[in-house]
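Using my numbering, the first residue of the sequence shown is number 5, and each one after it goes up by one.
Note sheet for the following structure.
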Amino acid sequence: NKLYYIGPQFRRERPQKGRYRQFYQIGAETIGPSSAGSESPARDAEMLEMLATFLNRLGINDWTLELNSVGCPNDRAVYNEALRKALEPVVDKMCGDCQRRAVTNPVRVFDCKVPEDQPIIEKLPRISQFLDEGCRKHFQEVQEILKAVEVPFALNDRLVRGLDYYTRTAFEFTHGALGAQNAILGGGRYDGLSEALGGPSAPGIGFAIGEDRLVLALKESAEAVARKPDVYIAPFGPGMDREAAKIAHELRRHDVVAELGDESFRLKKSLETASKMNARFALIVAENEVKAGAYALKNMDTGEQVSVPRAELARKIQSSR
């Protein structure tokens, strides 16, 4: 099963840049019984590819996908014990937060941003050293699929995520302009969560995006600009607004960015408007064109004008991208 949600949320943490007390969150999940393939590493890679495509289409191209495996509960139990032993002789030299985490949840020391603590943290054992064979193979397959579909990633063996129910794959998409809390979005696999809550076995993977952080990343990204119109549609003459609106609707269904003009404009003004908008084409919708079923399509860069049948307009415009 695949689902998504968008809505207001609240958090208890201290507000920071892009982390407000109330915020809007976007999320999606793939969840279901193992028999439906929900444990497959292909599901993890599919979600990560979708997120990469989503950010790229927004114009946020300077992201980094950070990837880790946090293993299964048995792996983490052994790892936490090893981490506690490694922290015992050095924890009194660390910040107060790390001293508390070393007792309650030692893996969270990797969240520490205090510069003085980093040399100690760098020497601590990593979860990757404690993965069982099944988790190791799962994580390797996720990486291989990502390479096959050309989604770049960086392994980060300090990435643990803030919630203890995560299993196996954990990930964050980060952006350098967001400060200390640089994640645009994050998520991971949670294969045992349904059972822990008293439900049936339902392995899954999901993510959450804070809309406020997404807006910050958009503002900071040089590529995050409005997409220029593919075509400016110029209705010319009485009653042509309706025909132009129909054509705009048809083109938009084929992912063509269409800007609709006004039939009160003279042709010269329509072409000037198309030029100011940096539209790649201007499409003339006049009575003769409607009757013929073919429309004058002008390339605004070259000045070339051709007559194109209505059914071919979307393909013609798309082919010139």
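Ideal Cβ positions, reconstructed from N, Cα and C, are used throughout, including at glycine.
For clarity, every value in this text was computed on a predicted model and none was experimentally measured.
Subject >> Proximity below 8 Å, CB of residue 174 to CB of residue 164 >> reply: Taking the sequence shown and counting its residues from 1, the one referred to as residue 174 is at position 170. Taking the sequence shown and counting its residues from 1, the one referred to as residue 164 is at position 160. The Cβ-Cβ distance between residue 174 and residue 164 falls below 8 Å.
Original post:
Under a Cβ-count criterion, where at least 16 other Cβ atoms within 10 Å of its own Cβ denotes burial, should residue 258 be classed as buried or exposed?
Top reply: In the sequence shown, counting from the first residue as 1, residue 258 sits at position 254. Here residue 258 is exposed. Its C-beta has fewer than 16 other C-beta atoms within 10 Å.
Original post:
Considering only the beta carbon of each residue, do residue 219 and residue 283 sit closer than 8 Å?
Top reply: As a first step, residue 219 must be located in the sequence shown, where it is residue number 215. As a first step, residue 283 must be located in the sequence shown, where it is residue number 279. No. Outside cutoff.
Subject >> Residue range of the unbroken alpha helix (DSSP H) whose run includes residue 329 >> reply: Any property of residue 329 remains undetermined from this structure, which presents the chain solely from 5 to 325.
Original post:
With respect to the beta strand (DSSP E) encompassing residue 6, which residues constitute its N-terminal and C-terminal limits?
Top reply: Locating residue 6 in the sequence shown gives position 2, where the first residue counts as 1. Secondary structure note for residue 6: its beta strand (DSSP E) is the uninterrupted segment 6-14.
**OP:** On the DSSP bridge assignment, give the partners of residue 313 in chain order.
**Re:** Counted from its first residue, the sequence shown places residue 313 at position 309. Answer is 298, bridged to residue 313.
Subject >> Cβ-Cβ separation, residue 293 to residue 176 (assumed contact under 8 Å), whole Å >> reply: To locate residue 176, count along the sequence shown from 1; it is residue 172. To locate residue 293, count along the sequence shown from 1; it is residue 289. Between residue 176 and residue 293 the beta-carbon gap is near 52 Å, outside 8 Å, which marks them as no contact.
Subject >> Own chain, CB closer than 8 Å to residue 228, minus 5 neighbours either side, in chain order >> reply: Position 224 of the sequence shown holds residue 228. With a pLDDT of 48 at residue 228, under the threshold of 50, the modelled position of this residue cannot be trusted, and the question is left open.
Original post:
At what residues does the alpha helix (DSSP H) containing residue 108 begin and finish?
Top reply: Position 104 of the sequence shown holds residue 108. Its alpha helix (DSSP H) spans residues 100-108.
Subject >> Contained beta strand (DSSP E) runs [length at least 3] in the segment 35-88, N- to C-terminal order >> reply: Secondary structure remark: continuous beta strand (DSSP E) runs of at least 3 residues inside the segment 35-88, in chain order: 68-73.
Original post:
Grouping DSSP H, G and I as helix and E and B as strand, with all else coil, what is residue 157?
Top reply: As a first step, residue 157 is located in the sequence shown; it is residue number 153 there, counting from the start. Assignment of residue 157 by DSSP, reduced to helix, strand and coil, places it in the coil class.
Original post:
In terms of residue numbering, what span does the alpha helix (DSSP H) encompassing residue 283 cover?
Top reply: As a first step, residue 283 must be located in the sequence shown, where it is residue number 279. Following the DSSP letters along the chain, one finds residue 283 in no alpha helix (DSSP H), marked with neither H nor E.
**OP:** Answer yes or no: do residue 298 and residue 265 have a C-beta to C-beta separation smaller than 8 Å?
**Re:** Your numbering for residue 298 matches position 294 in the sequence shown. Your numbering for residue 265 matches position 261 in the sequence shown. Result no, Cβ atoms of residue 298 and residue 265 do not sit closer than 8 Å.
Subject >> Own chain residues within Cβ distance below 7 Å of residue 205, not counting five before or after >> reply: For the purposes of this step, residue 205 is identified with residue 201 of the sequence shown, where counting begins at 1. Closer than 7 Å at Cβ, skipping near neighbours: 37, 38, 198, 199.
Original post:
Whole alpha helix (DSSP H) runs in the segment 230-268 with 4 or more residues, listed along the chain?
Top reply: When DSSP assignments are scanned along the segment 230-268, the uninterrupted stretches of alpha helix (DSSP H) that are 4 or more residues long and fall wholly within it turn out to be 244-256.
Original post:
Using 8 Å as the threshold, is the segment 96-107 in touch with the segment 118-125, meaning 3 or more CB pairs across them?
Top reply: Enough Cβ pairs lie closer than 8 Å, so yes.
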